[in-house]
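Structure, as structure tokens:
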Amino acid sequence: MDHDHETGRVRGVPYSSRDAALGKFKDRAGVLGRAAAYVEGNVWKPKLVARGVYLLPS
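Throughout, our numbering is defined as the position within the sequence shown, counted from one, plus 690.
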């Protein structure tokens, strides 16, 4: 069973590849969110902060 390591709450029955991937993130939602942004292509896009001024990701 896949479960929350802090609360012990069961999240569901995992598929082996998905469970292995989730295990790499060690239940850290922020890390998983950054990985999703990377896959979606949002990580390296500069952000417009003022006309003609862009903030590049660090």
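Backbone N, C-alpha and C fix where the C-beta goes; we use that ideal spot for every residue, glycine too.
Boundaries (first-last residue) of the beta strand (DSSP E) holding residue i
i, result
"residue 739", "737-740"
"residue 745", "743-745"
Cα-Cα separation, residue i to residue j
i, j, result
"residue 698", "residue 730", "30 Å"
"residue 722", "residue 692", "16 Å"
"residue 705", "residue 720", "22 Å"
Nearest candidate by alpha-carbon position, reference residue i, set the options
i, options, result
"residue 734", "724, 743, 740 and 714", "724"
"residue 695", "715, 744 and 746", "715"
is_contact[residue i, chain D] using C-beta, thresh 8 Å
i, result
"residue 719", "Of the protein chains in this structure there is only one, and it is not chain D."
Residue i, enclosing alpha helix (DSSP H) - first and last residue
i, result
"residue 722", "719-730"
Residues of its chain near residue i, where Cβ-Cβ distance is below 6 Å and the 5 sequence neighbours each way are ignored
i, result
"residue 737", "745"
Residues that DSSP places opposite residue i in a beta bridge
i, result
"residue 709", "Answer is none; residue 709 lacks a bridge partner."
Beta-carbon contacts of residue i that lie in its chain and below 7 Å, excluding the five residues immediately before and after
i, result
"residue 727", "733"
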